[in-house]
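As you go down the protein sequences, you meet chains A and B in turn. Residue numbering for the first sequence follows my numbering, beginning at 26 and increasing consecutively. Residue numbering for the second sequence follows my numbering, beginning at -4 and increasing consecutively. Right, one structure below, let's go through it.
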Amino acid sequence: MLRAASDVASADASLVAAIRNGDEAAMAQLYDRYSGVVYSVALRVLGDTGAAEDILQEVFMQIWRSPDVFDASRGSLAGWLAVIARNRAIDSLRKRRPEAEITEVIVSVEPDLVRGVEWGRTIEKIRGALGSMLPPQRSALEMSFFEGLTHSEIAAKTGEPLGTIKTRIRAGLLALRKACNP
Amino acid sequence: MSVHEQFADDLALYATGALQGSERVAVETHLRECAQCRSELERLRGDAALLAFSTSGPRPPSRSRERLLSAIARETRSVPVSRSKWGPWWSTLEWAAAAALLVVVFLLLHQNRLLRTRIGDLEAGSTEQQQQLQQAKQLLATLTAPDAARYVLVAGNKPPQPQGKAIYVASSGTLVFLASNLPDLPPQKAYELWLIPTTGSPIPAGVFKPSQGSAAIIKPPLPLGVEAKTFAITVEPEAGSPAPTSQPIMVGTRG
Chain A
26 MLRAASDVAS
36 ADASLVAAIR
46 NGDEAAMAQL
56 YDRYSGVVYS
66 VALRVLGDTG
76 AAEDILQEVF
86 MQIWRSPDVF
96 DASRGSLAGW
106 LAVIARNRAI
116 DSLRKRRPEA
126 EITEVIVSVE
136 PDLVRGVEWG
146 RTIEKIRGAL
156 GSMLPPQRSA
166 LEMSFFEGLT
176 HSEIAAKTGE
186 PLGTIKTRIR
196 AGLLALRKAC
206 NP
Chain B
-4 MSVHEQFADD
6 LALYATGALQ
16 GSERVAVETH
26 LRECAQCRSE
36 LERLRGDAAL
46 LAFSTSGPRP
56 PSRSRERLLS
66 AIARETRSVP
76 VSRSKWGPWW
86 STLEWAAAAA
96 LLVVVFLLLH
106 QNRLLRTRIG
116 DLEAGSTEQQ
126 QQLQQAKQLL
136 ATLTAPDAAR
146 YVLVAGNKPP
156 QPQGKAIYVA
166 SSGTLVFLAS
176 NLPDLPPQKA
186 YELWLIPTTG
196 SPIPAGVFKP
206 SQGSAAIIKP
216 PLPLGVEAKT
226 FAITVEPEAG
236 SPAPTSQPIM
246 VGTRG
């Protein structure tokens, strides 16, 4: 999925710098490296390959037009792309305008997790953690992230108290963190 | 957990986009002033990204890559100058430009004040010159008016004699000549006034036909700095002559 690199963050920063200078080959490299992440998230949210391709195109075109929207010194490019793709897909699903400027979105992911040789293990850990969660907790987490439901909507849908939904979502995120950063 | 506990759950919901309404506003307000919670939000977004990574597997069709690369090839964009590299220089230049602009503004204000003073002086001088010009015009109109009545005052009962008076300023080359009681001219003839210099040939100083024996010539300018020995009048063809062609009928002496 992701190529091996001694320093993923540094390599990403170099690619973004090259793209800033109009380097189309660097843009192709960036696409090859991260298009899978962006596409799979958009497909999971939208459930439609054509719509997911549109999100893929939109996210990468935005980087090409405005490479400075991502500040390599402030977070992980892989994580940032995943969150931005999810947000755009949710906006598309709800047919609404983007809620936040993407430059305001900072995503902190340990670089080691997305190294080429570690990538497969990271996915296994994440899926393992999700599999270990109680179904209501996993469901609350996925409804908020992949379906874009608010905690009130999740509470209404599941019949659970608001406070319980809040606690489940936070606990679910922390469980993922713990699984990948023991 | 180094985060304010009252916001702990809401931060997690905010990270997944599940927080709305007043609770979302409260979190955003708190985030603006709390670095610890901003840091925790970044980590929670990282946790959410891990959830996103769980979807990993499907690959986009190859046409998506071609579509993107075609789009960026079509879309030329200017290469921006990095502010981080040039920022301090630009900042210095901007301050220098602002300071220079300030100096220019002060200089312009000072110059403006001087110009206003100068304009005031010029306006006062112009008014005075207008008055002088008006007087000169009135004098000229009086001297040259065809209906001007001229009176020659002589002692006793002597009949009026032909007279000419030339007032000449050599340094400015200006001449005022008044004549009276001149005899009538033959047809197609005119009087011509001559400046007779101390050295050299006579210089034409005006051709005129008197009205009822009188005439006035105001002649600026004649050649500058020519010292006049005297003035003389001859009878010449109507168009005048470059040099006298007849004997003078009147010759002046300096009074």
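Just so you know, even glycine gets a beta-carbon here, dropped at the ideal spot from N, CA and C.
Where residue i and residue j are concerned, what is the direct C-alpha to C-alpha distance, given to the nearest angstrom?
| i | j | result |
| --- | --- | --- |
| B/Pro243 | B/Ile228 | 5 Å |
| A/Arg163 | A/Gly188 | 16 Å |
| B/Gly159 | B/Glu123 | 32 Å |
| A/Pro161 | A/Gly184 | 11 Å |
| B/Pro232 | B/Thr248 | 25 Å |
| A/Ala36 | A/Ala103 | 12 Å |
| B/Leu36 | A/Ala53 | 31 Å |
| B/Ala211 | B/Gly115 | 38 Å |
| A/Arg152 | A/Arg45 | 35 Å |
| B/Arg58 | A/Asp79 | 12 Å |
| A/Thr192 | B/Ala92 | 57 Å |
| B/Pro205 | B/Leu135 | 16 Å |
| A/Ile179 | A/Ala165 | 7 Å |
| B/Gly220 | B/Gly201 | 18 Å |
| B/Pro199 | B/Pro178 | 21 Å |
| B/Leu39 | B/Leu97 | 50 Å |
| B/Asp42 | B/Leu88 | 44 Å |
| B/Ala47 | B/Arg69 | 31 Å |
| A/Ser65 | B/Glu0 | 34 Å |
| B/Gly12 | A/Ala50 | 34 Å |
| B/Ala234 | B/Lys224 | 25 Å |
| B/Ser51 | A/Val84 | 17 Å |
| A/Ala200 | A/Met158 | 8 Å |
| B/Arg113 | B/Pro218 | 34 Å |
| A/Gly156 | B/His25 | 34 Å |
| B/Ile162 | B/Gln183 | 28 Å |
| A/Gly61 | B/Ala95 | 54 Å |
| B/Leu102 | B/Arg108 | 10 Å |
| A/Asp116 | B/Leu6 | 20 Å |
| B/Val99 | A/Phe170 | 59 Å |
| A/Lys120 | A/Ser39 | 35 Å |
| A/Pro92 | A/Gly100 | 14 Å |
| B/Leu110 | B/Gln125 | 21 Å |
| A/Cys205 | A/Gly145 | 12 Å |
| A/Arg211 | A/Trp105 | Given a span of 26 to 207 for chain A in the structure shown, any question on residue 211 of chain A remains unanswerable. |
Does residue i come out as helix, strand or coil in the three-state DSSP assignment?
| i | result |
| --- | --- |
| A/Met86 | helix |
| A/Leu174 | coil |
| B/Lys132 | helix |
| B/Lys80 | The pLDDT assigned to B/Lys80 is 49, lower than 50, so where the model puts this residue is not dependable, and the model offers no usable value. |
| A/Met52 | helix |
| B/Gly159 | strand |
| B/Leu14 | coil |
| A/Thr74 | helix |
| A/Leu159 | coil |
| B/Glu70 | coil |
| B/Phe101 | helix |
| A/Thr147 | helix |
| B/Glu233 | coil |
| A/Phe95 | coil |
| B/Thr264 | Nothing about residue 264 of chain B can be reported from this structure: the residues present for chain B run from -4 to 250 only. |
Against chain B, does residue i count as a neighbour if the rule is that its beta carbon must be under 9 Å from one of theirs?
| i | result |
| --- | --- |
| A/Gly72 | no |
| A/Lys191 | yes |
| A/Gly100 | yes |
| A/Glu185 | no |
| A/Asp37 | no |
| A/Arg113 | no |
Consider the Cβ of residue i: report whether some Cβ of chain A lies at a distance smaller than 9 Å.
| i | result |
| --- | --- |
| B/Thr11 | yes |
| B/Asp42 | yes |
| B/Thr251 | The question about residue 251 of chain B has no answer here: the residues shown for chain B are numbered -4 through 250. |
| B/Ser59 | yes |
| B/Glu269 | The structure shown does not extend to residue 269 of chain B, since chain B is modelled only from -4 through 250, so no value can be given for it. |
| B/Ala21 | no |
| B/Glu70 | yes |
| B/Ile114 | no |
| B/Pro53 | yes |
| B/Leu253 | The requested residue 253 of chain B does not occur in the structure, where chain B is confined to residues -4 to 250. |
| B/Lys80 | Residue confidence for B/Lys80 is low, a pLDDT of 49 falling below 50, so the modelled location carries little weight and cannot support an answer. |
| B/Ser77 | The predicted model places B/Ser77 with a pLDDT of 47, which falls under 50 and marks its position as unreliable; any figure quoted below should be read in that light. Yes, B/Ser77 lies at the interface with chain A (some Cβ there is under 9 Å from its Cβ). |
Is the closest heavy atom of the ligand GTP to the C-beta of residue i under 8 Å?
| i | result |
| --- | --- |
| A/Glu167 | What this structure holds is no ligand at all, so the ligand GTP is not there to describe. |
Practice task
Give, in chain order, every unbroken run of the beta strand (DSSP E) that is at least 3 residues long and sits entirely within the region 174 to 228 of chain B.
Solution key: 184 to 192, 198 to 203 and 210 to 214
Problem - Contact the region 62 to 82 of chain A vs the region 11 to 28 of chain B: 3+ CB pairs below 8 Å - result: no
Handout entry: Cβ contact check for the region 53 to 70 of chain B and the region 22 to 30 of chain B: 3 or more pairs under 8 Å
Key = no
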